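Below is one structure, written out as structure tokens, with a few remarks after it.
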Amino acid sequence: QIQLQQSGPGLVKPSQTLSLTCAVSGDSVSSSIAAWNWIRESPSRGLEWLGRTYYRSKWYIEYAASVEGRMTINPDTSKNQFSLQLNSVTPDDTAVYYCARASGPGKGHFDPWGQGTRVTVSS
Amino acid sequence: DIQMTQSPSSLSASIGDRVTITCRASQSINNFLSWYQQKPGKAPQLLISVASNLQTGVPSRFSGGGSGTDFTLTISSLQPEDFATYYCQQCYTIPQTFGQGTKLE
Numbered sequence: 001q002i003q004l005q006q007s008g009p010g011l012v013k014p015s016q017t018l019s020l021t022c023a024v025s026g027d028s029v030s031s032s033i034a035a036w037n038w039i040r041e042s043p044s045r046g047l048e049w050l051g052r053t054y055y056r057s058k059w060y061i062e063y064a065a066s067v068e069g070r071m072t073i074n075p076d077t078s079k080n081q082f083s084l085q086l087n088s089v090t091p092d093d094t095a096v097y098y099c100a101r102a103s104g105p106g107k108g109h110f111d112p113w114g115q116g117t118r119v120t121v122s123s
Numbered sequence: 001d002i003q004m005t006q007s008p009s010s011l012s013a014s015i016g017d018r019v020t021i022t023c024r025a026s027q028s029i030n031n032f033l034s035w036y037q038q039k040p041g042k043a044p045q046l047l048i049s050v051a052s053n054l055q056t057g058v059p060s061r062f063s064g065g066g067s068g069t070d071f072t073l074t075i076s077s078l079q080p081e082d083f084a085t086y087y088c089q090q091c092y093t094i095p096q097t098f099g100q101g102t103k104l105e
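Residue numbers (the numbering used here), protein chains in the order written: chain S, 1 to 123; chain H, 1 to 105.
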């Protein structure tokens, strides 16, 4: 059974960096058939895909245009986890952040998801 | 980006009702369409992939259909545990995008 366990702070000050980690069990972040994603949910934006990393003989990382330049996703094979860093946060980045595994046809469906981390950007 | 539009945004229904939610993509996505159920305070859960493939453990009262730009999620006989918010999502291209959700109440 594949499980994703998120960790990280729930409160970040404006202009600082939001950092979250997603630990994977039951699968490998180096899997050749899966991709590892970050998604957020807010009342203003709904469910928004942020980015992903995956391994196909080498590592690939892709970001949504809305966060490119501010966001970094890092896979960590030694701990079998992947992380999100979002720089220069503003109150608009307040959301519930999820990690999710994607697999299957096309760019893949998301299953399973992490439990979610409610992040508030406030001083 | 591909826009996903769900209708209705909310739906009032009763136990035993047959309910259909529609999802329209702004361009053809073949059958690369997934449906999720989300309950308050929880992460979305995958119900259906590639438009009509019911996931293991999902009750058979749920079904999905469609291809190209128009898709449906049908619940044949609504049960108390089905009151939730439902989302469609295209996995045809990056960025993967979601509908705005349909709240079943």
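Every residue, glycine too, gets a C-beta built ideally from N, C-alpha and C. For clarity, every value in this text was computed on a predicted model and none was experimentally measured.
Determine the closest residue to residue i out of the options, with distance taken between C-alpha atoms.
i	options	result
cysteine 91/H	Tyr63/S, Thr53/S, Trp49/S, Val96/S	Trp49/S
glutamine 6/H	Ser49/H, Pro59/H, Gln89/H, Lys42/H	Gln89/H
serine 26/H	Glu105/H, Thr97/H, Leu104/H	Thr97/H
arginine 40/S	Ser122/S, Gly116/S, Ser123/S, Val121/S	Gly116/S
glutamate 62/S	Arg118/S, Trp36/S, Ser32/S	Trp36/S
leucine 11/H	Ile21/H, Ser67/H, Ile2/H, Gln3/H	Ile21/H
glycine 108/S	Ala34/S, Ser7/S, Gly8/S	Ala34/S
serine 88/S	Lys79/S, Ser19/S, Asp76/S, Gln5/S	Ser19/S
glutamate 105/H	Ser67/H, Lys39/H, Gly66/H, Ser76/H	Lys39/H
Since residue i and residue j are thought to touch, with beta carbons under 8 Å apart, how far apart are those beta carbons, to the nearest angstrom?
i	j	result
isoleucine 203/S	proline 112/S	With chain S running from 1 to 123 in the structure shown, residue 203/S is simply not present.
serine 63/H	glutamine 55/H	With a Cβ gap of about 12 Å, serine 63/H and glutamine 55/H do not count as contacting.
serine 14/H	leucine 73/H	At roughly 18 Å, the Cβ-Cβ gap does not stay under 8 Å, so serine 14/H and leucine 73/H are not in contact.
serine 123/S	proline 43/S	Wrong, their Cβ atoms sit about 21 Å apart, outside the cutoff.
threonine 90/S	glycine 10/S	Threonine 90/S to glycine 10/S, Cβ: 17 Å. No contact.
Quick one: is residue i buried, meaning 16 or more other Cβ sit within 10 Å of its Cβ, or exposed?
i	result
tyrosine 98/S	buried
threonine 21/S	buried
alanine 65/S	exposed
tyrosine 60/S	exposed
proline 44/H	buried
arginine 52/S	buried
glycine 101/H	buried
threonine 94/S	buried
glutamine 3/H	exposed
asparagine 74/S	exposed
arginine 101/S	buried
leucine 47/S	buried
serine 34/H	buried
On the DSSP bridge assignment, give the partners of residue i in chain order.
i	result
phenylalanine 32/H	Bridge partners of phenylalanine 32/H: none, in fact.
lysine 103/H	Ser10/H, Thr85/H
valine 96/S	Glu41/S, Arg118/S
threonine 72/H	Thr22/H, Gly65/H
glutamate 48/S	Arg40/S, Thr97/H
Say the cut is 8 Å; is the CB of residue i nearer than that to a heavy atom of the ligand ATP?
i	result
glutamine 5/S	With respect to the ligand ATP, the structure offers nothing, as it holds no ligand at all.
Could you run through the region 89–116 of chain S and flag, in chain order, every residue whose CB is less than 9 Å away from some CB of chain H? Val96, Tyr98, Ala100, Ala102, Gly104, Pro105, Gly106, Lys107, Gly108, His109, Phe110, Asp111, Pro112, Trp113, Gly114, Gln115, Gly116
For the region 25–54 of chain H, which residues have a beta carbon sitting closer than 7 Å to at least one beta carbon of chain S? Phe32, Ser34, Ala43, Pro44, Leu46, Ser49, Val50
In chain order, what residues of the region 78–98 of chain H put their CB closer than 9 Å to some CB of chain S? Cβ contacts with chain S come from Tyr87, Gln89, Gln90, Cys91, Tyr92, Thr93, Ile94, Pro95, Gln96, Thr97, Phe98.
Counting only Cβ-Cβ distances shorter than 7 Å, please list the residues of the region 61–74 of chain S near chain H, keeping chain order. Glu62, Ala64
Members of the region 27–55 of chain S near chain H, C-beta cut-off 7 Å: Answer in chain order: Gly46, Leu47, Trp49.
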